[in-house]
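Asker:
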Amino acid sequence: MFKKQELTRLGDILVSKGLITPEQLDAAIREQSRRKLLLDPLDPNAKVAPIGELLIELGFIDRLQLKRGLNWQQRLRRASIAMALCAPFMIFSPSAAASTVRPAPITVEAENYASMKGVGIENTADVGGGKNVSYIESADWMTYNNIAIPATGTYKITYRISSLNGGGSLVLKNAVTNVVLDTAALPKTGGWQTWVDVERTVTLQGGTQNFTILAAVGGFNLNWFKIESLDGTVVSSSAAAAASSTPAAASTGTTTSAASTSSTATTFPFVVEAESYSSMYGVGKETTTDVGGGQALGYVDTGDWVSYSNTVFKAPFAGKYKISYRVSSLKGGANFVLSNILTNSTIDTVSVPATGGWQVWQTIEREVTLAEGEHKFNLVAKVGGANINWFKIEPLAIPTSLLIQAEDYVKMSGIGTETTTDVGGGKNAGFIDAGDWMTYDKTEFLVPNAGRYKVTYRVASKQADVNFQLYDLDTGAILDTVPVPNTTGWQTWASTERTVQLTEGKKRFGIKATKGTFNINWFKFEPVNSAGEVINIPPPSATTSSAASSVPGSTSPTVSSSSSSAPSTTPTVSSAASSAPAQVTASSSSAPSVSVSSSSSSAPSSQKVAGPVGISWTAPGLRENGTYLDVTELGGYEIRYKKTGDSKYTYVSINDPWTNNYKFEWLEGDYIFQIAAFDKNGIYSPFVDIHKF
Numbered sequence: 002m003f004k005k006q007e008l009t010r011l012g013d014i015l016v017s018k019g020l021i022t023p024e025q026l027d028a029a030i031r032e033q034s035r036r037k038l039l040l041d042p043l044d045p046n047a048k049v050a051p052i053g054e055l056l057i058e059l060g061f062i063d064r065l066q067l068k069r070g071l072n073w074q075q076r077l078r079r080a081s082i083a084m085a086l087c088a089p090f091m092i093f094s095p096s097a098a099a100s101t102v103r104p105a106p107i108t109v110e111a112e113n114y115a116s117m118k119g120v121g122i123e124n125t126a127d128v129g130g131g132k133n134v135s136y137i138e139s140a141d142w143m144t145y146n147n148i149a150i151p152a153t154g155t156y157k158i159t160y161r162i163s164s165l166n167g168g169g170s171l172v173l174k175n176a177v178t179n180v181v182l183d184t185a186a187l188p189k190t191g192g193w194q195t196w197v198d199v200e201r202t203v204t205l206q207g208g209t210q211n212f213t214i215l216a217a218v219g220g221f222n223l224n225w226f227k228i229e230s231l232d233g234t235v236v237s238s239s240a241a242a243a244a245s246s247t248p249a250a251a252s253t254g255t256t257t258s259a260a261s262t263s264s265t266a267t268t269f270p271f272v273v274e275a276e277s278y279s280s281m282y283g284v285g286k287e288t289t290t291d292v293g294g295g296q297a298l299g300y301v302d303t304g305d306w307v308s309y310s311n312t313v314f315k316a317p318f319a320g321k322y323k324i325s326y327r328v329s330s331l332k333g334g335a336n337f338v339l340s341n342i343l344t345n346s347t348i349d350t351v352s353v354p355a356t357g358g359w360q361v362w363q364t365i366e367r368e369v370t371l372a373e374g375e376h377k378f379n380l381v382a383k384v385g386g387a388n389i390n391w392f393k394i395e396p397l398a399i400p401t402s403l404l405i406q407a408e409d410y411v412k413m414s415g416i417g418t419e420t421t422t423d424v425g426g427g428k429n430a431g432f433i434d435a436g437d438w439m440t441y442d443k444t445e446f447l448v449p450n451a452g453r454y455k456v457t458y459r460v461a462s463k464q465a466d467v468n469f470q471l472y473d474l475d476t477g478a479i480l481d482t483v484p485v486p487n488t489t490g491w492q493t494w495a496s497t498e499r500t501v502q503l504t505e506g507k508k509r510f511g512i513k514a515t516k517g518t519f520n521i522n523w524f525k526f527e528p529v530n531s532a533g534e535v536i537n538i539p540p541p542s543a544t545t546s547s548a549a550s551s552v553p554g555s556t557s558p559t560v561s562s563s564s565s566s567a568p569s570t571t572p573t574v575s576s577a578a579s580s581a582p583a584q585v586t587a588s589s590s591s592a593p594s595v596s597v598s599s600s601s602s603s604a605p606s607s608q609k610v611a612g613p614v615g616i617s618w619t620a621p622g623l624r625e626n627g628t629y630l631d632v633t634e635l636g637g638y639e640i641r642y643k644k645t646g647d648s649k650y651t652y653v654s655i656n657d658p659w660t661n662n663y664k665f666e667w668l669e670g671d672y673i674f675q676i677a678a679f680d681k682n683g684i685y686s687p688f689v690d691i692h693k694f
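In this note's numbering, the protein residues as written are 2 to 694.
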């Protein structure tokens, strides 16, 4: 006897997810029935629009919501079939729409020209480092060959420029036909290494193209330009492939396996097998009966030591980390020191209790503070009498990003809002003059560790010599005074990037105009390391070592979906309060990275809450097939929650890929929280369980 299947009719799915009401579904069904009665029975081609199209026509849903419902319907139906057939694996295949989802935009480094006239190259202070093209004067030019445009269509081109005085302009031309594709006026950025984005929309012909950028009026630098399809087509470029740096966030941190010194991106948890030392004194190896098997470090007496100079852990940021040691001891009383070989500094001193046997294993968890950068480890037994299987490192809290729409202020003076023509549409805050201000009282940003953040402001102005202040709403401290470039129009938008130092704790912000007149669409905070690179923690990697299989909560190998277009990322550890670290436990490696916090300090478990509950997450950066996923490809997120024991979830849809948090004003009881991402074709990631610790 089979389990009762979930409803898979499109209308029922849209109702269950809260995208339409039952009354709206009934209205659409009635309209569909009415139209069926009007059909000509003698016309074999006569038909009525499907329910999804009628819901759009009636204004109850939009096209993306329909795509989401259809993809969810496909997933449910295929899962039901697989269960009915008792198949060993349930594999979801993509819809035809998946093939149009584009990967990351192509970025062409300005210095990678095939030929040029009059320009020079210099080191850049822009995010990502590398070189930029400089000394660009009127009539100078650069040509870039072999950029493959797969189909004729509309594209967004972003030029990354700087200019001390402004007034420059560039022309984008087809290098073969000499046809002008775009002419862009360039704003004053305030410095030769003060960088902004200038975005334009152009129509490009399909095929391999050669482009020339000509300085119609000189006086600017160019770091890169980026071609991004607005029609869902894919862009590739051999010129771009040679790029040494891109504006995308660089992954931070490297690691080596215990047997190798090759560097890759740091993943968490970072596990070191105790027996995989590079050198030692006095210790031995033995087969372990611990979960996962393998070997452990044994026969550890006072004064013995092991060195792991072959293992490099690169902390992506300075802050608090949890180190877990897997140990055993018959009688207890052992004591060892973990130190950093590179700095000869002590990281931790650990006392080992009696576990009841040499193969009776226990995990000891410790909190340490690590500096950003490379660490190589050494273990010294101050007092012997313990075995060690492995130790692992995890951040207690990963700094996250925050995007604030400028018009979402709570209080203001002198500010207005207007419809914006900027990419993404919506509203912007406008009519901002000196002395005007706005505060964001209800937007809390958790800074788990004091550190540097890149703040990007999306601004427009027709004036020069304009600036405003960003300040801490709770302390009144001025965090930064931000110059606004002359973008040449109130709806001509540019991104201005700044770096600020934020202290640990919850932050709320305010903006006060100090000089001139400007508009602002949004501003975004992103954590950066000492090199100015955005902190981006890669996913946990599957492993078959004894440590991985015996570490509580370690990631197990999973069966991936065959869909190459499902949004995908991996869970990371983050915290909503410095006194109560939060952690994600996920059954899948392909869903948004999330954390949950509650204002209730008495909540003893991951599901028990009493009071306001805040959920935060990190946008997925990969698809399930491992390809890059740009945030502009996302459609949004879907949160679902229910009380433990309830049969149905309540769904919350967030149709904004830049949003990374949600707050329930009040929940009380035992709850299950889950979140998934969906892209602009309605393809879903798996839902991830959210646990509060």
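Backbone N, C-alpha and C define an ideal beta-carbon position, used for all residues, glycine too. Because the structure is a prediction, the values reported are computed rather than measured.
Determine the extent of the alpha helix (DSSP H) in which residue 28 is found, giving its start and end residues.
Answerer: Here the alpha helix (DSSP H) through residue 28 covers 23 to 38.
Asker: Out of 189, 179 and 173, state which residue places its alpha-carbon closest to the alpha-carbon of residue 201.
Answerer: With distances taken between Cα atoms, residue 201 lies closest to 173.
Asker: By how many angstroms is the C-alpha of residue 525 removed from the C-alpha of residue 65?
Answerer: Near 25 Å, if we compare the C-alpha coordinates of residue 525 and residue 65.
Asker: From what residue to what residue does the beta strand (DSSP E) around residue 374 run?
Answerer: Residue 374 -> beta strand (DSSP E) spans 374 to 384.
Asker: CB-CB under 6 Å to residue 97, same chain, minus the five flanking residues each way: which ones, in chain order?
Answerer: Any answer about residue 97 is weak, because its pLDDT of 29 lies below 50 and its placement is not dependable; what the coordinates show is given next. Nothing listed; no residue qualifies.
Asker: In whole angstroms, give me the CA-to-CA distance for residue 635 and residue 681.
Answerer: Whole-angstrom Cα-Cα distance: 6 Å.
Asker: Can you tell me the Cβ-Cβ gap for residue 227 and residue 159, rounded? I've got them flagged as a contact below 8 Å.
Answerer: About 4 Å; that satisfies the 8 Å criterion.
Asker: Would you call the CB atoms of residue 391 and residue 301 closer than 8 Å?
Answerer: For residue 391 and residue 301, no; Cβs fall outside 8 Å.
Asker: Residue 372 and residue 316: beta carbons closer than 8 Å?
Answerer: Yes, Cβ-Cβ distance for residue 372 and residue 316 is below 8 Å.
Asker: With C-beta atoms as the reference, is residue 362 less than 8 Å away from residue 291?
Answerer: Contact flag set, yes.
Asker: Would you say residue 382 and residue 473 are within 8 Å of each other, going by their C-beta atoms?
Answerer: No; because the gap between Cβ atoms is not below 8 Å, this pair is not in contact.
Asker: Output needed for residue 688: all residues of its chain with C-beta closer than 6 Å, excluding positions within five of it in sequence on either side, in chain order.
Answerer: Closer than 6 Å at Cβ, skipping near neighbours: 675 and 677.
Asker: Tell me the DSSP secondary structure of residue 58 in three-state form.
Answerer: Three-state DSSP puts residue 58 in a helix.
Asker: Would you mind stating whether residue 1 and residue 398 have Cβ atoms separated by less than 8 Å?
Answerer: Lying before the first or after the last residue shown, residue 1 is absent from the chain, which here runs from 2 to 694.
Asker: Can you find at least 3 beta carbon pairs, one from the region 486 to 501 and one from the region 438 to 449, that sit closer than 8 Å?
Answerer: Contact fails: fewer than three Cβ-Cβ distances are below 8 Å.
Asker: Does the structure place the region 660 to 668 close enough to the region 40 to 58 that three or more beta carbon pairs sit under 8 Å?
Answerer: No: fewer than three Cβ pairs fall under 8 Å.
Asker: Tell me the DSSP secondary structure of residue 305 in three-state form.
Answerer: Note: residue 305 maps to coil in three-state DSSP.
Asker: Taking the alpha-carbon of residue 538 as reference, which of 375, 468, 396 and 652 has the nearest alpha-carbon?
Answerer: Ranking the options by Cα distance to residue 538, first place goes to 396.
Asker: Anyone know if the C-beta pair for residue 773 and residue 319 falls short of 8 Å?
Answerer: A question about residue 773 goes unanswered here, because the residues of the chain that appear run from 2 up to 694.
Asker: Check the C-beta distance from residue 125 over to residue 133 and give it rounded, since I have them as a contact under 8 Å.
Answerer: 4 Å between Cβ atoms; contact.
Asker: For the putative contact between residue 225 and residue 411, defined by C-beta atoms under 8 Å, what is the C-beta separation to the nearest angstrom?
Answerer: Not really, about 37 Å apart at Cβ, beyond 8 Å.
Asker: Assuming contact is defined by CB atoms lying nearer than 8 Å, are residue 71 and residue 28 in contact in what I supplied?
Answerer: No, the pair does not count as a contact, with Cβ atoms beyond the cut-off.
Asker: Would a C-beta distance cut-off of 8 Å place residue 335 and residue 385 closer than the cut-off?
Answerer: Closer than 8 Å, so yes.
Asker: Under a Cβ-count criterion, where at least 16 other Cβ atoms within 10 Å of its own Cβ denotes burial, should residue 667 be classed as buried or exposed?
Answerer: Residue 667 should be labelled exposed.
Asker: In chain order, which beta strand (DSSP E) runs of at least 3 residues are fully inside the region 312 to 359?
Answerer: Whole beta strand (DSSP E) segments, 3+ residues: 320 to 330, 335 to 341 and 346 to 353.
Asker: Thinking residue 652 and residue 18 are a contact (beta carbons under 8 Å), I'd like their distance in whole angstroms, please.
Answerer: The Cβ separation is near 4 Å, so the contact holds.
Asker: Where residue 369 and residue 324 are concerned, what is the direct C-alpha to C-alpha distance, given to the nearest angstrom?
Answerer: Near 7 Å, if we compare the C-alpha coordinates of residue 324 and residue 369.
Asker: Quick check: the Cα distance between residue 512 and residue 171, rounded to an integer number of angstroms?
Answerer: For residue 512 and residue 171, the distance between alpha carbons rounds to 33 Å.
Asker: Identify, in the order they occur along the chain, each residue of the same chain with its Cβ nearer than 7 Å to the Cβ of residue 33, setting aside the five sequence neighbours on each side.
Answerer: Closer than 7 Å at the Cβ level, and outside the excluded window around residue 33, lie 49, 52 and 55.
Asker: Leaving out five residues on either side along the sequence, give the residues of the same chain with a beta carbon under 7 Å from the beta carbon of residue 62.
Answerer: For residue 62, where only same-chain residues beyond five positions count, the Cβ hits under 7 Å are 15, 20, 21 and 56.
Asker: Assuming residue 128 and residue 455 make a contact with CB atoms under 8 Å, what is their CB distance in whole Å?
Answerer: So it is a contact: roughly 7 Å between Cβ atoms.
Asker: Can you tell me whether residue 536 is buried or exposed, with buried defined as 16 or more other CB within 10 angstroms of its CB?
Answerer: The residue in question, residue 536, is buried, as its Cβ has 16 or more Cβ neighbours within 10 Å.
Asker: Could you tell me the distance, in whole angstroms, from the CA atom of residue 527 to the CA atom of residue 288?
Answerer: The straight-line gap from Cα to Cα measures roughly 46 Å.
Asker: Is it buried or exposed, residue 121, if we count other Cβ atoms within 10 angstroms and call 16 or more buried?
Answerer: That one is exposed.
Asker: Does the region 494 to 506 come close enough to the region 446 to 454 to have 3 or more Cβ pairs within less than 8 Å?
Answerer: Yes, they touch.
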